[in-house]
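Written below as structure tokens is the structure these notes are about.
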Amino acid sequence: MFKIVEGPIEDVALEDNVRTDADGAIIVFRGVARRFSRGRDVVHLEYEAYPEMAEKVMAQIGDEMKARWPISGVAIVHRTGVLEIGQASVAIAVAAPHRGEAFEAAQYAIDRLKEIVPIWKKEVWSDGSQWIGWEHEKSDH
Amino acid sequence: MCVRVRLFASYREAAGTNCLETPLPQGATVSDLIDQLALSLPALKKAPGMVAVNHTYVQPDFELHDGDEAALIPPVSGGS
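Just so you know, the sequences run in chain order B and S. For the first sequence, the working numbering begins at 17 and goes up steadily by one. For the second sequence, the working numbering begins at 57 and goes up steadily by one.
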């Protein structure tokens, strides 16, 4: 499952989508909107996507993961629109027979997503707003 | 020929629209398209991102064809 959605993703049942009977580990990563960013107080976030292309590139990342690690399933869901603090913007689930490859593949998925999937984040502060590009993110983490 | 251009995030706001139809001479490349759009959209020159044609990232020398969908991709920042 590789999807861009407009509504909440907290309740999307990703585990059921990726698990097989051969799996001993399921990693679910959720990225959530945080209040503090680069010393500013964030009121909310806005995400915009190029949905048709984003879903294709997320599927490509899934293929890359399966080529590198012996995982059995991967699902990536990203939300667009306005997000309040604490709400999930992205969810990634990886199922594998063993936990090592599941952790590594999940880390790769979120790093790669931020690198090539056409989705943009705008931070809205009480006194302004800005689209955040990867060059800002790199210096921040 | 005519190319459909999709704009996102900072480019969309700078242009005031999320979609343009741009006439180009036959044989025009992505680089030619950017040069033409930058005349009315200086942000394109200041913060060059990537360009996708028909949902695939391409290089500046990629040759465009009539009916192609080009997307101007500011540096991406999905996740959180």
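Even for Gly, the Cβ is constructed at its ideal location relative to N, Cα and C. Just so you know, these numbers come straight off a predicted model, no measurement behind them.
Residues of chain S with a Cβ closer than 7 Å to the Cβ of E64 of chain B are, in chain order, F64 and A65. Listed in chain order, the non-local C-beta contacts of A108 of chain S below 8 Å within the same chain comprise V114, A126, A127 and I129, local neighbours out to five positions each way being set aside. At least 8 Å separates the CB of A99 of chain S from every CB of chain B. Within chain B, the residues E68, M69 and K72 have their CB atoms less than 7 Å from the CB of H111 of chain S, given in chain order.
W141 of chain B has a beta carbon lying at 8 Å or more from every beta carbon in chain S. In this structure, the CA atom of R60 of chain S is about 7 Å from the CA atom of C75 of chain S.
The way I'd put it, the stretch 92-104 of chain B does touch the stretch 43-62 of chain B; three or more beta-carbon pairs between them come closer than 8 Å. Of the candidates B:R51, B:A29, B:I135 and B:V44, B:I135 places its Cα closest to the Cα of M74 of chain B.
In chain B, no part has a C-beta under 9 Å from the C-beta of A126 of chain S; the shortest such distance is about 11 Å. Counting along the chain, P79 of chain S sits inside the beta strand (DSSP E) bounded by residues C75 to P79. Contact annotation for A70 of chain S against chain B: no contact, minimum CB-CB distance about 10 Å [criterion: below 8 Å].
Assigned with DSSP and collapsed to three states, I25 of chain B falls in coil, not helix or strand.
One finds Y66, M69 and P134 in chain B with Cβ atoms closer than 8 Å to the Cβ of A108 of chain S, taken in chain order.
Among the residues facing chain S, W147 of chain B is included, as its CB has a counterpart in that chain under 8 Å away. Contact annotation, I87 of chain B with V110 of chain B: C-beta distance approximately 6 Å; criterion of less than 8 Å satisfied.
Pairing A94 of chain S with K101 of chain S, the inter-Cα distance amounts to about 6 Å. L89 of chain S places its beta carbon 8 Å or farther from that of A70 of chain S. A107 of chain B and P81 of chain S have their alpha carbons spaced roughly 44 Å apart. In the DSSP assignment, W147 of chain B forms a beta bridge with B:K138. From the listed residues B:R46, B:E68 and B:W85, the smallest Cα separation to A112 of chain B is found for B:W85.
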